[in-house]
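When the letters of the sequence shown are read in order and numbered with our numbering, they come out as residues 119 to 504.
All residues carry an ideal CB built from backbone N, CA and C; glycine is no exception.
Here the structure is a predicted model, which is why all the values come from computation and not from measurement.
Written below as structure tokens is the structure these notes are about.
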Amino acid sequence: MKETWRWFGPNDSITLDMIVQTGASGIVTAMHEVPTGECWTYESIVDRKKLIEASGLEWTVVESVPVHNDIKTRTGDFKRYIENYNQTLINLGKAGVDTVCYNFMPVVDWTRTNLNYKLPNKSFALRFEMTDFVAYDVFVLNRKNARNDYKPEVIAKAKTRLNNMNAKEVEELEKNIIAGLPGGEGSYSRESILIAINEFIELGTEGLRQNLFSFLEEIMPTAESAGIKMCIHPDDPPFSLFGLPRVVSTQSDAQAIIDAVPSSSNGLTLCAGSYGARGDNDLVCMANAFAERIYFVHLRNVIREVDGSFFESEHLCGDNDMVGLIQALLKAETTSGNSIPMRPDHGHLLADEIGAEGVKPGYSYQGRMKGLAELRGVMHALEQLK
Ligand code: DNO
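Okay, here's the thing in structure tokens:
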């Protein structure tokens, strides 16, 4: 597996030279400065690629070329956005960047409620806490009919939780949930998120799935001729938020995507932490089932709780069998003949990065390096035993 590292571009406080020191050889990045829906020009892609290569690294994966909400709803300017999407794929292919991650999450990209969850060793992890989320959805956002989506005892617990929060804590919770996390799409106010949510609730699960399939039909021929491998990222978390439809949360969702458009460009990102936040997703089984279509992996672990809450655990110690997963991925590489780029996804906030300015939630230097080093150890050991 090729070791890669997510870099947020020239403004990232973690520089390319620092990334070289982690031992990773590939970069995962995007033209974050281009507004969602607009085309990435060939020249700007080549310039970014040259910058990466000047440090001795390679631009291995694009994460992400974001999909505009109009494409997800097939309203407004969606036709123009699809044209732009195809042109971006053509430009990437021409520049020799051939793996593109994207997602089809409606309204909110990846979501957490707590960005500073203190672990027993005094480092910090990201956490999704169901009670906090329900408290926000039902009592702060006041989403219409939100109560119908939760059991009465969950709502009662959420009410008590909210009553025990001060104004600053509520503000912080709101910011964590709707203001957008690094690399995510969309930052909302209370008013704008309610409008967006309603639009998708009306569309429903099968409506959203159909719109995803239409989008796949519209981009896969271009991807194929441009030599691009598309890899869809799962929903994070892999269950409904705000009553929104979800279509990339389970093994059967992923299978439906593969079946919808029979093109070798139509592949998956196996994000272990996202799929793995559901106990009914067996990651080893998924890696075996989709061996030929996994074009990118995010390796990270979680510890789940019965109510759907979870936090991001040590990369090797959590509810998902990381060693088994890596073993299955190495086997998938042999079966498919593809080299699968991996990146250590997220890391704990450690040492002198705690409280430091500008550290992106989940994307600390030391935490990710620790994760990468541990995963690298497993990869090396398993390679030797092969
Ligand atoms: C979070 C990431 C997401 C992901 C995008 C993929 O850390 O997994 O930002 O990159 O949702 O499109």
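Would you mind reading off the limits of the alpha helix (DSSP H) that contains residue i?
i: Met-497; result: 483 to 503
i: Cys-403; result: 401 to 407
i: Glu-271; result: 270 to 281
i: Arg-422; result: Unbroken run through Arg-422 is the beta strand (DSSP E), 420 to 422; no alpha helix (DSSP H).
i: Met-136; result: 134 to 140
i: Arg-166; result: 160 to 172
i: Ile-189; result: 187 to 191
i: Glu-451; result: 440 to 454
i: Phe-251; result: 248 to 252
Which first and last residues belong to the beta strand (DSSP E) in which residue i is found?
i: Ala-474; result: That residue, Ala-474, is in no beta strand (DSSP E); it is neither H nor E in DSSP.
i: Arg-198; result: Where Arg-198 is concerned, there is no enclosing beta strand (DSSP E), although the alpha helix (DSSP H) it sits in stretches over 196 to 213.
i: Phe-360; result: It is not in any beta strand (DSSP E) - Phe-360 carries neither H nor E in the DSSP assignment.
i: Leu-237; result: Here Leu-237 belongs to no beta strand (DSSP E), and DSSP marks it neither H nor E.
i: Val-180; result: 176 to 181
i: Tyr-413; result: 412 to 417
i: Arg-124; result: 120 to 124
i: Ile-145; result: 144 to 147
i: Thr-387; result: 384 to 389
i: Thr-217; result: 217 to 221
i: Phe-428; result: 428 to 430
Would you grab the beta carbon distance between residue i and residue j for me? Rounded to a whole angstrom, and I think it's under 8 Å.
i: Tyr-371; j: Thr-229; result: A small correction: the amino acid at residue 371 is Asp; Tyr does not occupy that position in the sequence shown. With a Cβ gap of about 18 Å, Asp-371 and Thr-229 do not count as contacting.
i: Glu-176; j: Ser-143; result: 6 Å
i: Lys-347; j: Thr-217; result: 5 Å
i: Arg-494; j: Gly-465; result: Contact doesn't hold; Cβ gap of about 14 Å is too wide.
i: Leu-404; j: Leu-388; result: A small correction: the amino acid at residue 404 is Met; Leu does not occupy that position in the sequence shown. At roughly 7 Å, the Cβ-Cβ gap stays under 8 Å, so Met-404 and Leu-388 are in contact.
i: Thr-340; j: Leu-468; result: With a Cβ gap of about 42 Å, Thr-340 and Leu-468 do not count as contacting.
i: Pro-184; j: Thr-154; result: 5 Å
i: Ile-350; j: Tyr-220; result: 6 Å
i: Ser-383; j: Pro-352; result: Actually they do not touch by this definition, with Cβ atoms about 18 Å apart.
i: Lys-286; j: Ala-213; result: The pair is not a contact, with the Cβ atoms about 46 Å apart (cut-off 8 Å).
i: Gly-298; j: Asp-227; result: 7 Å
i: Thr-122; j: Met-460; result: 7 Å
i: Leu-362; j: Ile-319; result: 7 Å
What's the C-alpha gap between residue i and residue j?
i: Leu-447; j: Ile-458; result: 8 Å
i: Ser-381; j: Val-402; result: 24 Å
i: Phe-222; j: Leu-330; result: 7 Å
i: Ala-274; j: Tyr-160; result: 54 Å
i: Arg-192; j: Gln-205; result: 19 Å
i: Leu-321; j: Val-138; result: 45 Å
i: Gly-345; j: Gly-394; result: 30 Å
i: Val-180; j: Val-272; result: 39 Å
i: Arg-396; j: Arg-261; result: 25 Å
i: Ala-390; j: Asn-187; result: 25 Å
i: Arg-364; j: Val-225; result: 11 Å
i: Asp-98; j: Asn-419; result: Limits of the chain in this structure are 119 at one end and 504 at the other, which puts residue 98 out of reach.
i: Asn-234; j: Gly-476; result: 14 Å
i: Gly-304; j: Asn-239; result: 33 Å
i: Glu-336; j: Ser-241; result: 45 Å
i: Ala-374; j: Ser-182; result: 21 Å
i: Arg-327; j: Glu-317; result: 15 Å
i: Ile-472; j: Gly-211; result: 40 Å
i: Gln-445; j: Met-497; result: 8 Å
i: Glu-156; j: Leu-500; result: 43 Å
i: Ser-310; j: Tyr-254; result: 15 Å
Comparing the CB of residue i with every heavy atom of the ligand COA, is any distance shorter than 7 Å?
i: His-433; result: Only the ligand DNO can be found as ligands here, which leaves the ligand COA out of the picture.
query: Taking only runs of the beta strand (DSSP E) that begin and end inside the stretch 286 to 351, which ones reach a length of at least 3 residues, in chain order?
result: The qualifying runs are 347 to 351.
query: Is it true that the stretch 419 to 428 meets the stretch 240 to 250, where meeting means three or more beta-carbon pairs spaced less than 8 Å apart?
result: Contact holds: three or more Cβ-Cβ distances are below 8 Å.
Inter-stretch contact (C-beta, 8 Å, three-pair minimum) for the stretch 263 to 283 and the stretch 356 to 368: The stretch 263 to 283 is in contact with the stretch 356 to 368.
- prompt: With contact counted as at least three CB pairs below 8 Å, one residue from each stretch, are the stretch 144 to 153 and the stretch 286 to 293 in contact?
  reply: At 8 Å Cβ cutoff, the stretches do not touch.
message: Across the stretch 435 to 444 and the stretch 472 to 484, are there enough close Cβ pairs to call them in contact, namely three or more that are closer than 8 Å?
response: Too few Cβ pairs lie closer than 8 Å, so no.
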